[in-house]
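**Q**
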Amino acid sequence: MGFLRAIFKWLVALIVAYALLFIAVLLGLSMFGLAFQRPEPGLENGSVLVYNLDLNVTDTPAFEGPREVLEQALSSENYGSISLLELLDALRAGAHDDRISGLVLTGNVYGAGYGSSLATLREVRRAIEEFKASGKPVWAYVDMDGAQDFYLKSAAQEVYMNPFSYLEFKGLASETPYLGDFLRKYGVGVQVARSGKFKSAAESLVEGHMSPEERTQRTALLNDIWLSLREDIGESREVEPEKLAELANDIAIFEADDALDAGLVDSLLYRDEMANLLVDLTGPSERGTLYREVSLLDYANERNHHRFSASLGGFGAPSIAIVYAEGVIVEGPGVIDEVGADTMVEYLREVRRDPSIKALVMRVNSPGGSATASEKILREVRLVAAEKPVIVSMGGMAASGGYWISSMADTIFAEPTTITGSIGVISMIPNVGELAAQHEVNFETVRTSRFADLYSISRPRTPEEMALMQQTVDKIYQDFLTRVSEGRELSRERVNQIAQGRVWSGESAVELRLVDYLGGLEDAIAFAAEEAGLGEDYTLREYPERVTLEAWFEQAFGQQQPGVAKTSTLDAAGLLPRGRDPVSRQLAQWQQTMRLLRQLNDPMGVYAIEPQWVFVD
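What follows is the structure, given as C-alpha cells:
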C-alpha cells in the first residue's frame, strides 16, 4: 500500500506541475503580446482617416499567432496586413462617423503573396469613391508613385504631388524567365503532357522562348486590364482613356510639372505644406501630431473589437458563410497561401450542416494546383449547392483549378481585372539523369512492373510512359470540360472552344458566360443575401476566421485586449516600399515560381494550374 500511495502522490504532483507550467506559458505569451503592442489610438473629433497604402490587402482574415507577433516585434519594416472586408468596413464606417472629417491617401501599394491584386484594389477604389460620395473630402499625396498607387489615389477629389518626385505611368508588363535552354545546358530535362493549346503553365521550364499562343493570350489579357485601369482613372481625372494611353507611350515617367500639365494631379506641395493644409482643415492635434488623424489600420482594429463583441450576441442568427480559397490548391490540410483540400472540405461540410447558415460565398483567389484536390473541393461545393445558394466571388486570379472549384456555383462574380479561365490540364516531370551522369552519380532501380518507376526523376520518360501520362491528362481535361459544361450550362463543344488552357480577363469571361456578373466580394455577399431571402438581417461567418493572439486571450479568459496596431501616418510615408526596385521584383518573381513548384503535390502529378503573374510598372 505504501508503494501505491507513493505512486499516486507522484502522479498528482506531476499533473499539478504540468498544470502550473501550462498556466505559466499562457501568462508568458499574454505578457509577451502586450509588451509589443501600442496603446489604443484615441480618436479626436474632426480627425482625418489616413490610409497608407503600404498595407497588404488579403482576402483571407489575418492570423497572428505568437510567431507572427515575434516577427512583427523584431522586424524593422513598417508593413501591416488587413483583410479586404476589414478595409472596406473601415472606409464605409469612416464615411458615416461624425468623428472623421475626411480621408487621406498616401504611401505606396504593397502586396505579398496573393494580396493587393488589381481586382482587390478595384474594390478598394470603389469604397474610396463611396467615401467621397458621402460628402467628406478625400485627399491624395503622390510621391514616387507607380500605376497601382495612382490607380487608387486618382479617385480622390484633390491629388497633390511632391514637387521633387516622379509618377511612373507607363503601362503594364508581364515578364517570365524561360529556363528551358538553361536547364538542358546543365543536364536537367522536363517532360510535359498537356491538354489545351494555350495551357502554358510549364512552357517556361521546357522552352527557351515564348510560344505564339502564349504571347497571344498574354497580350489580350494585359490589354483588357490596361483598358479597365485607364477607364477608371480617366473617369476620375476627366482625361480620356486614349489620352492616358498616349501619355504612357510618350512620357511614361512624369516629373511633377508634367503630371500637373497632363491633369493627373491638381497641385504641387511639399510634405510639410500638405500637413499644414490638413492643420488648417482639421485644427491642431492635442496628441502631439500636427493635425488630427487616425491611421486606417488603428481604426479598423477598433472596428474589429466592436464586430467581435457584436458577433457573440448573434450566435445562431441567420448568417452567410464566406469561405476563402486563397493560394495554390494542394492535397492535405495546406498552410498559409495554400488551399488545402482537407481543410476546405471541413469548412464546406460545416457550412452545409449548419442550419443557421443560409448561403455560401466562396472567395477564390487562386492560380489552381492539384487536379485531385480541386475535384475534392468541387464535390463539397456541389453538395452545398444542392441545399443552399452558392455564390463565387473571384479575386485577383481564379484560373485553372481556381476555376474548377468555382465552375458549379449558382452564380459567379469577377472584377474586370480578374484573371480567370485557363481550363486545361498539364503533367510535368523533371529528370536529372544527364546532370547526374555528368557528376558520376548512378541511379540503380529494381521494379516489379515496367511502369513502377514512372515518376522517377533519375531518367526521362519513355514514349510509352509519356503516352500513358498524356492519356491521364486528356481524361482529366475531358472531366474539366464536363464540370464547366454542366455548371455553366454550355455545350461541351462551346466550352472546348473557349477552354484550351486560355486565360481570360473578368471582362471577357462575362461575354463568354464563364462569369455571370462584374462585381466584388461585397456584391457577391449582397446577392447571396437576396438569394437566401435574408434582406439585411444576417451576420457573416468567415472560414478561416480572423484569429489574433489578443482575440485568443479574449475568448480564453474573457478579457478585452487592445489590438496590435501599426501607426501609418502621412509623415511616415514616402519611403521606397519593399519590392519596388527592379532587382527585388525579379527576385520576388523567381521566389514565387520556386515556391509554386514546391507546392505541387498532386499524387498523380496532374495539375490544373496557371502561374500567370502580372506586374504593374
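So in my numbering, spot 267 of the sequence shown is number 265, and the numbers just go up one at a time.
Positions of the beta carbon are idealized from the N, C-alpha and C atoms, including for glycine.
According to DSSP, is glycine 400 helix, strand or coil?
**A** Along the sequence shown, one-based indexing puts residue 400 at 402. Helix.
**Q** Indicate whether glycine 399 and tyrosine 475 have their beta-carbon atoms separated by less than 8 Å.
**A** By 1-based counting over the sequence shown, the position of residue 399 is 401. By 1-based counting over the sequence shown, the position of residue 475 is 477. No, the pair does not count as a contact, with Cβ atoms beyond the cut-off.
**Q** Pick out whichever of Gly393, Ala434, Pro428, Met360 has its Cα sitting closest to the Cα of alanine 407.
**A** Translated into the one-based positions of the sequence shown, residue 407 becomes position 409. For alanine 407, the nearest C-alpha among the options comes from Met360.
**Q** Buried or exposed: arginine 351, going by 16 or more other Cβ atoms within 10 Å of its Cβ?
**A** As a first step, residue 351 must be located in the sequence shown, where it is residue number 353. Burial call: exposed.
**Q** Leaving aside the five residues before and after serine 74 along the sequence, list all residues of the same chain whose C-beta is less than 7 Å from its C-beta, in chain order.
**A** Locating residue 74 in the sequence shown gives position 76, counting from the first residue. In this prediction, serine 74 has a pLDDT of 41, which is less than 50 and means its spatial position is unreliable; what the coordinates show is noted afterwards. Excluding sequence neighbours, serine 74 sits near nothing in its chain.
**Q** Please classify asparagine 106: is it buried, with 16 or more other beta-carbons within 10 angstroms of its beta-carbon, or exposed?
**A** Taking the first residue of the sequence shown as 1, we reach residue 106 at position 108. It counts as buried.
**Q** Taking the alpha-carbon positions, what's the threonine 418 to glutamate 509 distance?
**A** As a position in the sequence shown, residue 418 is number 420, starting the count at 1. As a position in the sequence shown, residue 509 is number 511, starting the count at 1. The straight-line gap from Cα to Cα measures roughly 13 Å.
**Q** Three Cβ pairs or more, each shorter than 8 Å: is that satisfied between the segment 161 to 180 and the segment 118 to 138?
**A** They do not touch, by the three-pair rule.
**Q** From leucine 466 to serine 454, what distance separates their C-alpha atoms?
**A** Within the sequence shown, residue 466 is the residue found at index 468, counting from 1. Within the sequence shown, residue 454 is the residue found at index 456, counting from 1. C-alpha separation (whole angstroms): 15 Å.
**Q** Less than 6 Å between C-beta atoms, sequence neighbours within five positions excluded: which residues of the same chain meet that for asparagine 440?
**A** Here residue 440 corresponds to residue number 442 of the sequence shown, with the count starting at 1. Counting only Cβ-Cβ distances below 6 Å, and skipping sequence neighbours, we find nothing.
**Q** Under DSSP, the alpha helix (DSSP H) around phenylalanine 129 begins and ends at which residues?
**A** Counting from one through the sequence shown, the residue named residue 129 turns up at place 131. Element bounds for phenylalanine 129: 116 to 131.
**Q** Can you tell me which residues form a DSSP beta bridge with phenylalanine 411?
**A** Within the sequence shown, numbered from 1, the residue matching residue 411 stands at position 413. Ser391, Tyr515, per the DSSP bridge assignment.
**Q** Thinking C-alpha only, which one of Leu516, Ala497, Gly431 is nearest tyrosine 184?
**A** As a working note, residue 184 is residue 186 in the sequence shown. Among Leu516, Ala497, Gly431, the Cα nearest to that of tyrosine 184 is on Gly431.
**Q** Just to confirm my understanding: we take valine 188, look at its own chain, exclude 5 residues before and 5 after, and list those with CB closer than 7 Å. What are they?
**A** Start at 1 with the first residue of the sequence shown, and residue 188 comes out as number 190. Only Leu181, Ala200, Leu203, Val204, Met426, Pro428 meet the Cβ criterion.
**Q** Anyone know if the C-beta pair for isoleucine 327 and glycine 367 falls short of 8 Å?
**A** As a first step, residue 327 is located in the sequence shown; it is residue number 329 there, counting from the start. As a first step, residue 367 is located in the sequence shown; it is residue number 369 there, counting from the start. Taking 8 Å as the Cβ cut-off, isoleucine 327 and glycine 367 qualify as a contacting pair.
**Q** Going by DSSP in three states, proline 428 sits in which element: helix, strand or coil?
**A** The count along the sequence shown starts at 1 and reaches residue 428 at position 430. Correct three-state label for proline 428: strand.
**Q** Given that a residue counts as buried once 16 or more other Cβ atoms are within 10 Å of its Cβ, and exposed if not, what is alanine 450?
**A** Taking the sequence shown and counting its residues from 1, the one referred to as residue 450 is at position 452. By the 10 Å Cβ count, alanine 450 comes out exposed.
**Q** For a test of the three-state rule: what should DSSP assign to valine 581, helix, strand or coil?
**A** Sequence index remark: in the sequence shown, residue 581 carries index 583 (1-based). Interpretation of valine 581 is limited by its pLDDT of 46, a score under 50 that renders its predicted location unreliable; the figure taken from the coordinates is listed afterwards. Helix.
**Q** Buried or exposed for serine 193, going by 16 or more other Cβ atoms inside 10 Å?
**A** The residue you call residue 193 lines up with position 195 of the sequence shown. Result: buried.
**Q** With 16 as the cutoff for other CB atoms within 10 Å, does asparagine 43 come out buried or exposed?
**A** The residue given as residue 43 occupies position 45 in the sequence shown. So asparagine 43 ends up on the exposed side.
**Q** From which residue to which residue does the alpha helix (DSSP H) around phenylalanine 449 run?
**A** Taking the sequence shown and counting its residues from 1, the one referred to as residue 449 is at position 451. Where phenylalanine 449 is concerned, there is no enclosing alpha helix (DSSP H), given that its DSSP letter is neither H nor E.
**Q** Return helix, strand or coil for glycine 100, following the three-state DSSP convention.
**A** The residue you call residue 100 lines up with position 102 of the sequence shown. Reduced to three states, the DSSP call for glycine 100 is strand.
**Q** Within the same chain, show all residues whose beta-carbon is closer than 6 Å to that of glycine 485, passing over the 5 residues directly before and after it, in chain order.
**A** As a position in the sequence shown, residue 485 is number 487, starting the count at 1. The answer, listed in chain order, is Ser405, Met406.
**Q** How should arginine 213 be labelled, buried or exposed, when 16 other C-beta atoms within 10 angstroms of its C-beta is the threshold for buried?
**A** Translated into the one-based positions of the sequence shown, residue 213 becomes position 215. Arginine 213 is exposed by the Cβ-count criterion.
**Q** Pull up the DSSP beta-bridge partners for threonine 537, would you.
**A** Stepping through the sequence shown from its first residue, residue 537 is reached at position 539. Ser317.
**Q** When the Cα atoms are used, what is the spatial distance from glycine 236 to asparagine 274?
**A** The residue given as residue 236 occupies position 238 in the sequence shown. The residue given as residue 274 occupies position 276 in the sequence shown. The question names glycine, but residue 236 is glutamate in the sequence shown. When rounded, the distance between both Cα atoms is 28 Å.
**Q** Secondary structure at glutamate 271, three-state DSSP: helix, strand or coil?
**A** Numbered from its first residue, the sequence shown carries residue 271 at position 273. Looking at glutamate 271 - three-state DSSP - the assignment turns out to be helix.
**Q** Going straight from the alpha carbon of leucine 276 to that of tyrosine 289, what length do you get?
**A** Residue numbering aside, residue 276 sits at position 278 when the sequence shown is read from its first letter. Residue numbering aside, residue 289 sits at position 291 when the sequence shown is read from its first letter. If you take the alpha carbons of leucine 276 and tyrosine 289, they lie about 6 Å apart.
**Q** How big is the Cα-Cα spacing for arginine 347 and valine 157?
**A** The residue labelled residue 347 in the question sits at position 349 within the sequence shown. The residue labelled residue 157 in the question sits at position 159 within the sequence shown. The alpha-carbon atoms of arginine 347 and valine 157 are separated by roughly 48 Å.
**Q** What is the rounded straight-line gap between the Cα of alanine 93 and the Cα of lysine 130?
**A** On the sequence shown, residue 93 is found 95 positions in, with the first residue counted as 1. On the sequence shown, residue 130 is found 132 positions in, with the first residue counted as 1. C-alpha separation (whole angstroms): 8 Å.
**Q** May I ask you to list the residues that DSSP assigns as paired with threonine 56?
**A** Here the question's residue 56 lines up with position 58 in the sequence shown. Partner(s): Ser81.
**Q** Rounded to a whole number of angstroms, what is the C-alpha to C-alpha distance between glutamate 462 and leucine 433?
**A** Translated into positions along the sequence shown, residue 462 becomes position 464. Translated into positions along the sequence shown, residue 433 becomes position 435. Distance between the alpha carbons of glutamate 462 and leucine 433 is about 23 Å.
**Q** Below 6 Å CB to CB, which residues in the same chain sit around alanine 563 once its five sequence neighbours on both sides are set aside?
**A** Locating residue 563 in the sequence shown gives position 565, where the first residue counts as 1. Confidence at alanine 563 is low in this model, with a pLDDT of 30, below 50, so the placement of that residue should be treated as unreliable; the coordinate-derived value is given next. Here the set comprises Arg36, Leu295, Asp296, Asn299.
**Q** Pairing CB atoms from the segment 314 to 325 with CB atoms from the segment 524 to 534, are three or more of them under 8 Å?
**A** Enough Cβ pairs lie closer than 8 Å, so yes.
**Q** Can you check whether the CB of leucine 83 is closer than 8 Å to the CB of valine 292?
**A** Here residue 292 refers to the residue found at position 294 when the sequence shown is read from its first residue. Here residue 83 refers to the residue found at position 85 when the sequence shown is read from its first residue. No, they are not a contact pair.
**Q** Decide if glycine 78 is buried, meaning its Cβ has at least 16 other Cβ atoms within 10 Å, or exposed.
**A** For the purposes of this step, residue 78 is taken as residue 80 along the sequence shown, with counting starting at 1. By the 10 Å Cβ count, glycine 78 comes out buried.
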